[in-house]
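**Q**
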Amino acid sequence: MTTNVIGQPLPRIDGRAKVTGGARYAADFNQKGQAYAVIVSATAGLGRITEIGADAVSAMPGVIAVISHLNAPRLAYGEHKGVIDPAIGERLHVLQDDQVRFWGQPVAIVVADTLDHAERAAAALHVAYIAERPVVDPTGLLASAVVPEATKRGGRADADAGRGDADAALASAEVKIDENYDIARENHNPMEPHATIAAWDGDRLTLWSKSQYVVNEQAEIAAIFGLPVENVQVICPFVGGAFGTSLRTWSHVTLAAIAARQAGRPVKLVLTRKQMFYTTGHRPRTLQRIALGATKDGKLTSLIHEGYGETSRYEEFIEALTSVSGFLYSCPNVRTRYRLVKLDTGTPTYMRGPGEASGVFALECAVDELSYKLGLDPIELRRLNEPEIDEAADKPFSSRSLLKCYDAGAERFGWSKRDPKPRSMRDGRLLIGMGVASASYPAFHAPSSALARLLPDGTAEIEVAASDMGPGTYTSMTQVAAETLGLPIESVRFSLGRSDFPPAPSHGGSWTMASVGSAIRAACIAVQEEAARRAIADQRSPVFGASADGVIWEEGRLRRRGDTAPGQGYGDIAASAGGSIEANASASRDPDIADRYSMHAFGAVFAEVAVDPDVGTIRVRRALGTYGAGRIVNPRLAASQCTGGMVGGIGMALMERTVLDQRDGRPVNAHMADYLVPVNLDIANIEAHFVDEVDPHVNALGVKGLGEIALVGMAPAIANAVFHATGKRVRTLPIRIEDMLA
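Taken in order, the sequence shown gives residues 0 to 741; the numbers are from numbering that gives the first Met the number 0.
(1) What distance in whole Å lies between the Cβ atoms of V106 and V126, which are believed to be in contact at a cut-off of 8 Å?
(2) How would you call H670, buried or exposed, if buried means at least 16 neighbouring beta carbons within 10 angstroms?
(3) Given a threshold of 16 other Cβ atoms within 10 Å of its Cβ, counted over all protein chains shown, does G566 qualify as buried or as exposed?
(4) Under 8 Å between the Cβ atoms of L732 and V135?
(5) Quick one: what's D181 bridged to in DSSP?
(6) Determine the direct distance from the alpha carbon of R533 to that of D548, and round the result to whole angstroms.
(7) Could you name each continuous beta strand (DSSP E) segment of 3 residues or more that falls completely within the stretch 19–57, going from the start of the chain to the end?
(8) Sorted by chain position, which residues of the same chain lie with C-beta nearer than 6 Å to L342's C-beta, five sequence neighbours on each side aside?
(9) Which residue wins for smallest C-alpha separation from G726, given the options A716, M739, A714 and L484?
(10) Ignore the nearest five residues each way along the sequence and tell me which others in R15's own chain have a CB closer than 8 Å to its CB.
(11) Compare the Cα-Cα distances from E460 to each of T346, I580 and R338 and report the closest residue.
(12) DSSP three-state label for N684, please.
(13) Whose C-beta lies closer than 6 Å to the C-beta of E692 among residues of the same chain, with five residues either side of it excluded?
(14) For M654, name the three-state secondary structure that DSSP assigns.
(15) Between the beta-carbon of L752 and the beta-carbon of P137, is there less than 8 Å?
(16) Work out the CA separation of E314 and V37 for me, nearest whole Å.
(17) Does the Cβ of Q95 have 16 or more other Cβ atoms within 10 Å, making it buried, or fewer, making it exposed?
(18) How far does the beta strand (DSSP E) with T205 in it reach, from first residue to last?
(19) Buried or exposed for K31, going by 16 or more other Cβ atoms inside 10 Å?
(20) Could you tell me which residues DSSP puts in a beta bridge with V340?
(21) Rounded to the nearest angstrom, what separates E368 and I176 at their Cα positions?
(22) So, is T49 buried or exposed, given that buried needs 16 or more other C-beta atoms within 10 angstroms?
(23) Along the chain, where does the alpha helix (DSSP H) containing M739 start, and where does it finish?
(24) Count the CB pairs spanning the stretch 236–253 and the stretch 345–360 that are closer than 8 Å, and state whether there are at least three.
(25) Roughly how far, in whole angstroms, is the beta-carbon of V690 from the beta-carbon of K403, given that I think they are within contact range, below 8 Å?
(26) If the criterion is Cβ atoms closer than 8 Å, does the pair P715 and A513 meet it?
(27) What residues match up with F605 in a beta bridge as DSSP calls it?
(28) What are the boundary residues of the beta strand (DSSP E) that includes I196?
(29) DSSP beta-bridge partners for R162?
(30) I'd like the list of long-range same chain contacts for I12, defined as Cβ closer than 7 Å, with 5 residues on each side in sequence excluded.
(31) Run through DSSP, which three-state label would V697 get?
(32) To the nearest angstrom, how far is the alpha carbon of A53 from that of C364?
(33) In three-state terms, what does DSSP make of F493?
(34) Taking the C-alpha atoms as reference points, what is the distance between M706 and V4?
(35) Determine the DSSP secondary structure at F396, reduced to helix, strand or coil.
(36) How do the stretch 320–331 and the stretch 443–453 stand: do at least 3 beta-carbon pairs fall below 8 Å, yes or no?
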């Protein structure tokens, strides 16, 4: 029996269930007698509702209820802000008044006996408005941008930070650049749409709902309806992609619960693809300025990073847009500035690599631009400015493998074959370019709990209220439990996705393995200690018998004397106790260690593009990312995580852009025909590799997250490759054919 399973490239435990249809997603939990709900979305971008033609629609076939602000229940909307919710402002109070705050806001919901009847009735519902022209373009509003209130109270993102005198140093710099960058609004567009099935049993509510944060959804809905938290149960065993869009509890969950209560039966509500462009968040459009000053030999003397992000008028969404600029490079004079522009849109939300993906694009394009101005290799310029400590926080890094990533990545990618002159490399007619960029993302950790249970048959069960949107959580957590318990992996059953399991943090921010994995490890150690306590206390009991004689606790593991492998004999021990043995444990990062070190994952990303000079098409031919992310629990899953993130970076660089009609705020490309995402033909050859990195400080497992960092450096690597291929520096995303032909 082998128990050394951490670090092994094991296949997904849930893989067969997913490919055979056995995995059940939110919309698959159909209930007996359920009805169907369809949202009616506002067709004004700002204003007031003056009329709702509910009577005519109520008489249509199969219609059970037409619910709007005219007849919806007045909800409690008690105070609740999860860690994922904006700290400033108040969430949308759905169907509580006649105000329209953004295009697509839910203004009514139609409930019917079939989906077809509900859709027909919703399409027929007449809603009239007094409409005003919304403001949805931030470009002319930078002068009125505000300091985010939350940054005044401390937290992840600082509005203003720095050291030295960056402006004076820039003015006197021997070499300088000063440029602006514009990144389009993006929408998440996961494969699985948002969906909720709601069912009431008296004052108890069950939600089968797509969620990356089931305990927060439980608490949010309880607060909205004025219920005790224990009266709400959220179930979500699988998430079909999310990328951040399911971190918050959006208004459709509340609407499903309202509809189920009004209809007196379970109700299913599934958002259309178009509706997912309106009400479930987006990556905010950002406008940035980067100014760099340097000596002629390449040492940075000044770094200025100013960033503006969009938010709604009713909440302040903030992200770490400028944070990386303070520590990625050594520089004595740094100034960062972050402001928000309030618009008549829905509130943005976290999208894979939030803040860092946008901020690093601007910074890494500027560094690349500086390298050409200095006549230095882009990697050499980064090497010249590698810091020894985090100069922003004035503390050492817990570990930092960025230069190791560049060394390993450059060798694998063949960087030495690159001709440094722009527009110098060709493949027939095609212009070939190579680009590189750094990546970084914080090694976050949040408190989490987990339950471990040893069963009489020698197997173990692990329960935790985490989520799995696709990275392989079922598999990696089982590996942690199996190794800690000393059991073969097939003897461990891991369960997640229920709000009545021990609480876990959100499944986002690249902290699931660090947080939940550490809690599982702690719970497994605790259950072994309990088993050992019972076994040692009862060894002379006739119930235990000779089969358990000599049970000892040794080297942090439960053993029989003479065993070569730990963990054997659990079945006998559990049976002697009259059944299973349970332990519930929590894990969190030592605050003293967190205060002493700066903790981040780092990576180096390489990209090669081919540009057709006649028609301007851009194709990523190959890409390679090398990452220093601590201990890798499952290399197969880790590589899959990184290649998936890099594909998202291709979309950010070349395709994804939500366009709003300036007259009314309507997303004009709210469908997959015009909102482009990478498909197989766009992906080419992508590789992900990891350098050996031991970090004893980040958490008990020594792991760092991978989900976000893999997207962070991809877009600037592609943009830098496009410049190398064409000599055209494009500072807006996505880079389009028009940019190549201009």
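Think of the CB as a built atom: it goes at the ideal place given N, C-alpha and C, for glycine as much as any other residue.
**A** So, from the data block:
(1) Position 127 of the sequence shown holds residue 126. Position 107 of the sequence shown holds residue 106. Correct: roughly 6 Å between the Cβ atoms.
(2) Here residue 670 refers to the residue found at position 671 when the sequence shown is read from its first residue. By the neighbour-count rule (16 or more Cβ atoms within 10 Å), H670 is not buried but exposed.
(3) What you label residue 566 is simply residue 567 of the sequence shown in a count that begins at 1. Low local confidence applies: a pLDDT of 44 at G566 is under 50, so the model's placement there is unreliable, and no value is given.
(4) Here residue 732 is taken as the residue at index 733 of the sequence shown, counted from 1. Here residue 135 is taken as the residue at index 136 of the sequence shown, counted from 1. In terms of Cβ geometry, L732 and V135 do not form a close pair [threshold 8 Å].
(5) Here residue 181 is taken as the residue at index 182 of the sequence shown, counted from 1. In DSSP, D181 forms a bridge with L286 and T731.
(6) Here residue 548 refers to the residue found at position 549 of the sequence shown. Here residue 533 refers to the residue found at position 534 of the sequence shown. Below a pLDDT of 50, predicted positions are generally treated as unreliable, and D548, at 49, falls in that range; the measurement from the model is reported next regardless. Approximately 12 Å between the Cα atoms of the pair.
(7) Listed in chain order, they are 34–40 and 46–51.
(8) Position 343 of the sequence shown, counting from 1, holds the residue named residue 342. Correct list, in chain order: V134, V135 and E309.
(9) Sequence index remark: in the sequence shown, residue 726 carries index 727 (1-based). In this structure, M739 is the residue among A716, M739, A714 and L484 with its C-alpha nearest to the C-alpha of G726.
(10) Counting from 1 along the sequence shown, the entry for residue 15 is found at position 16. Closer than 8 Å at Cβ, skipping near neighbours: G21.
(11) Walking along the sequence shown from the start, residue 460 turns up at place 461. Nearest neighbour of E460 by Cα position, chosen from T346, I580 and R338, turns out to be I580.
(12) Within the sequence shown, numbered from 1, the residue matching residue 684 stands at position 685. Correct three-state label for N684: strand.
(13) The sequence position of residue 692 within the sequence shown is 693, counting from 1. By the criterion of a C-beta distance shorter than 6 Å, E692 is surrounded in its chain by S398, S400, G627 and G629, once the five residues flanking it on both sides are discounted.
(14) In the sequence shown, counting from the first residue as 1, residue 654 sits at position 655. In this structure, M654 counts as coil in the three-state DSSP scheme.
(15) Since the first residue of the chain shown is 0 and the last is 741, residue 752 is not available in this structure.
(16) Indexing the sequence shown from 1 puts residue 37 at position 38. Indexing the sequence shown from 1 puts residue 314 at position 315. Those two C-alpha atoms are separated by around 26 Å.
(17) Here residue 95 is taken as the residue at index 96 of the sequence shown, counted from 1. With fewer than 16 other Cβ atoms within 10 Å, it is exposed.
(18) Here residue 205 refers to the residue found at position 206 of the sequence shown. Per DSSP, T205 is one residue of the beta strand (DSSP E) stretching across R203 to S208.
(19) As a working mapping, residue 31 is identified with position 32 in the sequence shown. By the Cβ neighbour-count rule, K31 is exposed, with fewer than 16 other Cβ atoms within 10 Å of its own.
(20) On the sequence shown, residue 340 is found 341 positions in, with the first residue counted as 1. Looking at the DSSP output, V340 bridges to E309.
(21) By 1-based counting over the sequence shown, the position of residue 368 is 369. By 1-based counting over the sequence shown, the position of residue 176 is 177. Approximately 8 Å, taken between the alpha carbons.
(22) Within the sequence shown, residue 49 is the residue found at index 50, counting from 1. Flag for T49 reads exposed.
(23) Mapped onto the sequence shown, residue 739 falls at position 740. Start and end: I736 to L740.
(24) Yes: the two stretches touch, three or more of their Cβ pairs being nearer than 8 Å.
(25) For this step, residue 690 is matched to residue 691 along the sequence shown. For this step, residue 403 is matched to residue 404 along the sequence shown. 5 Å between Cβ atoms; contact.
(26) Taking the first residue of the sequence shown as position 1, residue 715 is located at position 716. Taking the first residue of the sequence shown as position 1, residue 513 is located at position 514. It is not a contact, given that the beta carbons lie outside the stated cut-off.
(27) On the sequence shown, position 606 is the one that residue 605 refers to. Looking at the DSSP output, F605 bridges to V435 and L623.
(28) The residue labelled residue 196 in the question sits at position 197 within the sequence shown. Per DSSP, I196 is one residue of the beta strand (DSSP E) stretching across A194 to D200.
(29) Taking the first residue of the sequence shown as 1, we reach residue 162 at position 163. R162 is bridged to V333.
(30) The residue given as residue 12 occupies position 13 in the sequence shown. The answer, listed in chain order, is Y473, T474 and T477.
(31) Residue numbering aside, residue 697 sits at position 698 when the sequence shown is read from its first letter. Under the three-state reduction of DSSP, V697 is assigned to coil, being neither helix nor strand.
(32) Counted from its first residue, the sequence shown places residue 53 at position 54. Counted from its first residue, the sequence shown places residue 364 at position 365. For the pair A53 and C364, the Cα-to-Cα distance works out to about 54 Å.
(33) Translated into positions along the sequence shown, residue 493 becomes position 494. In the three-state reduction of the DSSP assignment, F493 falls in the strand class.
(34) Residue mapping note: residue 706 aligns to position 707 of the sequence shown, counting from 1. Residue mapping note: residue 4 aligns to position 5 of the sequence shown, counting from 1. According to the sequence shown, residue 706 is Gly rather than Met. Their backbone Cα atoms lie some 21 Å apart in a straight line.
(35) What you label residue 396 is simply residue 397 of the sequence shown in a count that begins at 1. It is a strand residue.
(36) Judged by Cβ distances under 8 Å, the stretch 320–331 makes no contact with the stretch 443–453, as fewer than three pairs qualify.
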